[in-house]
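**Q**
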């Protein structure tokens, strides 16, 4: 036992409750661990001063938790990914990120990692194999699953470590990711920093099990409880686990018992914490206790301590000056817009002359198979996509052709699988994730709009993911299997949205979507899966995104539509040969072929938009606004939207028929022509 000062009351000395066991570690290693903890502590102490001076805007303190960040990071190889949270400054410093870059990040300067677009620890860096968090917490575990899956597929004998707090474990994404990791035997170190509070909510109001590590049993997962304030226990136990996980891949759940000595962030304070609890944990300070141990072992003395502190103080001040002296980022509109997507040079592959007459569903299957052949690491994930071939049999036979390592059945957990797909992209691997039905995307909405869509803009990391979306009504499937919900995603910068209406387009556009390194929502209408046939080229080919198809040319009116609406419009025009119309099949909604739309409307003077979605707030509303803003002087009548009625989609065929816009289109078309 070693005497340490109680920092809450410096005049009192108490026996430290932490028992250290050096386990044969050299003096050099012991001193290195101490130094690695002292550095982030001194940075934090400086940040608190700067915060009070108004020189930084916000701070999430990890004081008292340094042993966890430093201990875990110290046992990982630098090429192994680590996914930290707010209170893991020790991860960044142990990975030896230059301090001026960290300080620039916190100041929103160009030498940071997000070009001023995100703050504090919301960033990643491939240079240092770190992927930062988003405020929604939960997707971080699923992201780690994807990175670990990439490690397995590459057989590189690497592990991945990911952090969350006790509060974050209540997120559904956390549970989904733990289950996936266990089912797939993914080498992930799931690190829970149980620091007593989720913001102001104590653990007694967050979960009703004795230890968070106990949850591992429910997932069939190995779990351990570690004293998070004991750097030697963290270092030695985690090191032994990681070495074994590299040889015997599996997930391990770790609960680090620690305490948050400051508020959730500095503005929140700690008044909600009982003083006796603060006092009890103050004497367990990981740095003061370890310092006392090292002094007793003859490893540390006042001279070494002073030298370390002087060295870090100088380093901190020098790097702060670099960051403060760095000029502010100049606002540049073109740069902001250009960084939403990763630049991609479209490579056109021409169609071959040999064709076969196949259905839309067959063309998608063929295109997917040929992409799997072209990209030998492309992974398909989704419910029932393996031996069963998917509910629409699009991946039937794929397991025999490509193996279960690339065609992966998933548990029913859309959110974790989207996050895992993003993790694969971080690892440099393409993936296609099938939403069994587009309606189910609501269960994976968060990682799509907050991870995939924002990633490249935030820190330059692309999300090379295609999400296939079987969608649409007309098959009597009712409210939960019939939505065409493209408008949920066309409003989110960073997502591309593709919606083909014909087999040949579907095949070529799917190939392009997979080639594209950006996230693509690929909509496939179920009602035309097996009802629409077309002569489709047999070989691999591509079609550019953002290029509409003009199916018919006329002079009286422009019909603008996509998906099943294309076939409704074709049927209507066939019944009414007297109508001279341009018929534009958009094919992709983001990017949008505005030139084709505007040229047509300026020629005909009238525009009607046909969509399957409800009218209010749907994609057609934005089309209408674009036409009004850009073609107003050419219009000879109001822009008309023809949409489904404002109800959920009913099951009964007669009600569904009434719901859909199909049977109202002809009348509305005639009315606008007569305007």
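In the working numbering, the protein residues as written are 274 to 948.
A virtual CB, placed ideally from N, CA and C, is assigned to each residue, including glycine.
This one's a predicted model, so the numbers in the text were calculated from it and none came from an experiment.
At least one CB of chain B closer than 9 Å to the CB of residue 511: is that the case?
**A** Protein chain content of the structure displayed is limited to a single chain, and chain B is not contained in it.
**Q** Using a threshold of 9 Å, state whether the C-beta atoms of residue 854 and residue 876 are closer than that.
**A** no
**Q** Could you give the residue range of the alpha helix (DSSP H) that holds residue 987?
**A** This structure cannot settle anything about residue 987, because the visible part of the chain is limited to 274 through 948.
**Q** Considering only residues of the same chain and omitting the five flanking positions on each side of residue 727, which have a CB-CB separation below 7 Å?
**A** 767
**Q** Since residue 341 contacts residue 466 with CB under 8 Å, what's their CB separation in whole angstroms?
**A** 6 Å
**Q** Examine the Cβ distances between the region 337-356 and the region 503-514 and report whether three or more of them are shorter than 8 Å.
**A** Counting C-beta pairs closer than 8 Å gives three or more between the region 337-356 and the region 503-514, which meets the contact rule.
**Q** Tell me the residue span of the alpha helix (DSSP H) that contains residue 744.
**A** Bounds of any alpha helix (DSSP H) do not take in residue 744; it lies within the beta strand (DSSP E) bounded by 738-744.
**Q** Under a three-way DSSP split, which group does residue 440 fall into?
**A** If DSSP states are grouped into helix, strand and coil, residue 440 belongs with the helices.
**Q** When burial is assigned at 16 or more other CB atoms within 10 Å of the CB, is residue 709 buried or exposed?
**A** buried
**Q** Between which residues of its own chain and residue 666 is the CB-CB distance below 8 Å, once the five residues before and five after are set aside?
**A** 634 and 638
**Q** If you reduce the DSSP assignment to three classes, tell me which class residue 530 lands in.
**A** strand
**Q** Give the DSSP-derived three-state secondary structure of residue 523 in the structure shown.
**A** In the three-state reduction of the DSSP assignment, residue 523 falls in the coil class, being assigned neither a helical nor a strand state.
**Q** How many Å lie between residue 847 and residue 445 at the Cα?
**A** A direct Cα-to-Cα measurement between residue 847 and residue 445 gives close to 51 Å.
**Q** Suppose only complete runs of 4+ residues qualify. What are the alpha helix (DSSP H) ranges in the region 909-937, listed by chain order?
**A** Complete alpha helix (DSSP H) runs here, min 4: 926-932.
**Q** Quick check on this structure: which residue in 779, 918 and 613 has the alpha carbon closest to the alpha carbon of residue 886?
**A** Nearest neighbour of residue 886 by Cα position, chosen from 779, 918 and 613, turns out to be 918.
**Q** For residue 271, count neighbouring Cβ atoms within 10 angstroms of its own Cβ and tell me buried if that reaches 16, exposed if not.
**A** Within the shown structure, residues of the chain are numbered from 274 to 948, placing residue 271 beyond reach of any answer.
**Q** Looking at residue 716 and residue 778, is the spacing between their C-beta atoms short of 9 Å?
**A** no
**Q** State buried or exposed for residue 294, treating a residue as buried only when at least 16 other CB atoms are found within 10 Å of its CB.
**A** Its Cβ having fewer than 16 others within 10 Å, residue 294 is exposed.
**Q** Could you give the distance in angstroms between the alpha-carbon of residue 605 and the alpha-carbon of residue 613?
**A** Looking at the two C-alpha atoms, the distance is approximately 13 Å.
**Q** With 16 as the cutoff for other CB atoms within 10 Å, does residue 776 come out buried or exposed?
**A** buried
**Q** In the DSSP assignment, find the unbroken beta strand (DSSP E) run with residue 631 in it and report its ends.
**A** 628-632
**Q** Cα separation between residue 550 and residue 290?
**A** 15 Å
**Q** Starting from residue 807, follow its DSSP beta bridges and name the residues at the other end.
**A** 631
**Q** Considering residue 365, what are the terminal residues of the alpha helix (DSSP H) in which it resides?
**A** 362-367
**Q** Residue 702: which of 689, 677 and 787 sits nearest, CA to CA?
**A** Considering only alpha carbons, the answer is 787.
**Q** Quick one: is the Cβ of residue 702 within less than 8 Å of any heavy atom of the ligand GDP?
**A** Among the components modelled here there is no ligand, and therefore nothing to report on the ligand GDP.
**Q** In this structure, what does DSSP give as the bridge partners for residue 433?
**A** In the DSSP output, where bridge partners are listed per residue, residue 433 has 461.
**Q** So, under 8 Å CB-CB, residue 810 and residue 625 are touching, yes? Tell me the CB distance rounded to an integer number of Å.
**A** About 5 Å; that satisfies the 8 Å criterion.
**Q** To test your reading of the DSSP string, which unbroken alpha helix (DSSP H) runs of 4 or more residues are found completely within the region 619-707?
**A** 633-647, 671-675 and 687-699
**Q** Compute the distance between the beta-carbons of residue 313 and residue 592, then report whether it is under 9 Å.
**A** no
**Q** What does residue 470 pair with, by DSSP beta-bridge criteria?
**A** 475
**Q** Look up residue 581 in the DSSP assignment and say whether it is helix, strand or coil.
**A** Looking at residue 581 - three-state DSSP - the assignment turns out to be helix.
**Q** Measure the C-alpha to C-alpha separation of residue 696 and residue 812 and round it to an integer number of angstroms.
**A** 31 Å
**Q** Alpha carbons only, please: which of 646, 689, 327 and 694 is nearest the one belonging to residue 672?
**A** 646
**Q** Work out the CA separation of residue 407 and residue 617 for me, nearest whole Å.
**A** 26 Å
**Q** By Cβ distance, which residues of its chain are closer than 6 Å to residue 386, with the 5 residues on each side in sequence left out?
**A** 378, 396, 398 and 732
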